[in-house]
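J.: I'd like to ask you about the structure that follows.
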Amino acid sequence: MRHARIAMMAAGVVMAAGLTACSGGSGGTDAGGGAKDEEGLSPAQMAIGELEQASKSTEAKQSAKVEGDQTQGTPQGEISTKTEGSLDWSGGGTTAEMTVTQQGAGASALPTSGKAMPARYTEDAMYVNLGDQFASTAGKGKHWMKYDYDRLAKQGGPSGALVKDQMQNNNPARSVDLLLASGKVKKVGSETVKGKKTEHYSGTVEVAELARMQSKKLTEKELDQLADQLEQQGFKTEKVDVWIDGDHLLVKKQERAKGKNGDLDSTVYYSDYGTDVSVEAPPASDTVAFEDALPGRS
39 MRHARIAMMA AGVVMAAGLT ACSGGSGGTD AGGGAKDEEG LSPAQMAIGE LEQASKSTEA
99 KQSAKVEGDQ TQGTPQGEIS TKTEGSLDWS GGGTTAEMTV TQQGAGASAL PTSGKAMPAR
159 YTEDAMYVNL GDQFASTAGK GKHWMKYDYD RLAKQGGPSG ALVKDQMQNN NPARSVDLLL
219 ASGKVKKVGS ETVKGKKTEH YSGTVEVAEL ARMQSKKLTE KELDQLADQL EQQGFKTEKV
279 DVWIDGDHLL VKKQERAKGK NGDLDSTVYY SDYGTDVSVE APPASDTVAF EDALPGRS
């Protein structure tokens, strides 16, 4: 089960978000009003228009390199996760080739703590290489743990269905769409991110509404159950920040939220849009299904 927790955290990090403190512009324009420009557009209308363009431009690029960091509180302590690799959203589902490294108090007891784990995401499943120690024990001689998205959806209920949808349909443009869906966008100002001049936008989203914004496949009952789970974990709102460059492309995304077990702080950087990404499933001879590696399964 410890290995399963590693793989699921890796999935959430790669497909959901990333981290790093904002470089902090001063001032800002609240999307709720303000003076109009020469074309008669309010700051709110300008910010929304700029983000809509960024969503379209980012979506059209179909692939990018990704570099992210995340810290998350858990009952066992804080876990820090670093990810690096490439992401493609051009086909029928999102694919990715990543390296994931976890450490911190919450991960210190795990044999993979501090070690880079290769992770692959195909259109149908996620694979994480948990190393030799896993292979010699729970892995039954196999290094790669496989999470089939359909099985996750069936076994995990509403949260499993949401994981499947996000894994198969995630791309950087969704980050911009999420900010647009918040209903209130603030343009913070101009900032330089990794040598690129960008415009920084910020907003706050009700966590209970995140699933509704990000998935159209869950039923109302499933969405209500997810909202209850989030409330039990203490998550109420999430602050979303994005940085857009002069080509209308997402350069950086940050998400922050507070929960009962600790805070979530995640930042991802995107670069090299249009990069070639080729992902193949690991050999079946070196792969074990998540459910077959559970204790008590022969």
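Just so you know, the sequence shown maps onto residues 39 to 336 in this note's numbering. Glycine is no exception: its CB is placed at the ideal position from the N, C-alpha and C atoms.
(1) So, with DSSP's three-state summary, where would you put residue 279?
(2) For residue 157, which three-state DSSP category applies?
(3) Using CA atoms only, rank isn't needed, just tell me which of 183, 280, 211 and 131 is closest to residue 328.
(4) If you run the structure through DSSP and keep just helix, strand and coil, what is residue 318?
(5) Within the continuous alpha helix (DSSP H) that includes residue 214, where are the two ends?
(6) Three or more beta-carbon pairs under 8 Å between the region 273-281 and the region 236-244, yes or no?
(7) Using the Cα positions of residue 227 and residue 237, report the straight-line distance between them to the nearest angstrom.
(8) For residue 154, which residues from the same chain have a beta carbon less than 8 Å from its beta carbon, with the 5 sequence-adjacent residues on both sides left out?
(9) Quick check: the Cα distance between residue 181 and residue 141, rounded to an integer number of angstroms?
(10) Since residue 99 and residue 311 are thought to touch, with beta carbons under 8 Å apart, how far apart are those beta carbons, to the nearest angstrom?
(11) What are the boundary residues of the alpha helix (DSSP H) that residue 109 is part of?
(12) Out of 116, 117, 299 and 212, point me to the one whose CA is closest to residue 290's CA.
(13) Tell me the start and end of each unbroken beta strand (DSSP E) in the region 118-147 that is at least 3 residues and wholly inside, in chain order.
(14) Identify which residue in 97, 120 and 135 has its Cα closest to the Cα of residue 316.
(15) Do the region 165-175 and the region 218-234 touch if we need at least three Cβ pairs shorter than 8 Å?
(16) Between the region 106-126 and the region 81-90, can you find at least three pairs of beta-carbon atoms closer than 8 Å?
(17) By the three-class DSSP mapping on this structure, what secondary structure does residue 87 have?
(18) Relative to the alpha-carbon of residue 160, which residue among 174, 234, 229 and 125 has its alpha-carbon at the smallest distance?
(19) How far does the alpha helix (DSSP H) with residue 173 in it extend, from its first residue to its last?
(20) According to DSSP, is residue 307 helix, strand or coil?
(21) DSSP beta-bridge partners for residue 193?
(22) Three-state secondary structure (DSSP) at residue 96?
(23) If we ignore side chains and look at the alpha-carbon of each, how far apart do residue 23 and residue 172 end up?
T.: If we stick to the structure as given:
(1) strand
(2) strand
(3) 183
(4) The three-state reading of DSSP puts residue 318 in coil, since its state is none of H, G, I, E or B.
(5) 211-219
(6) yes
(7) 6 Å
(8) 137, 138 and 139
(9) Spanning the alpha carbons of residue 181 and residue 141 requires a straight line of approximately 20 Å.
(10) 4 Å
(11) That residue, residue 109, is in no alpha helix (DSSP H); its beta strand (DSSP E) goes 101-112.
(12) 212
(13) 133-141
(14) 135
(15) Contact between the region 165-175 and the region 218-234 is absent, with fewer than three C-beta pairs closer than 8 Å.
(16) no
(17) helix
(18) 125
(19) 169-174
(20) strand
(21) DSSP lists no partner for residue 193.
(22) helix
(23) The chain is shown from 39 up to 336; residue 23 falls before or after that span and cannot be answered.
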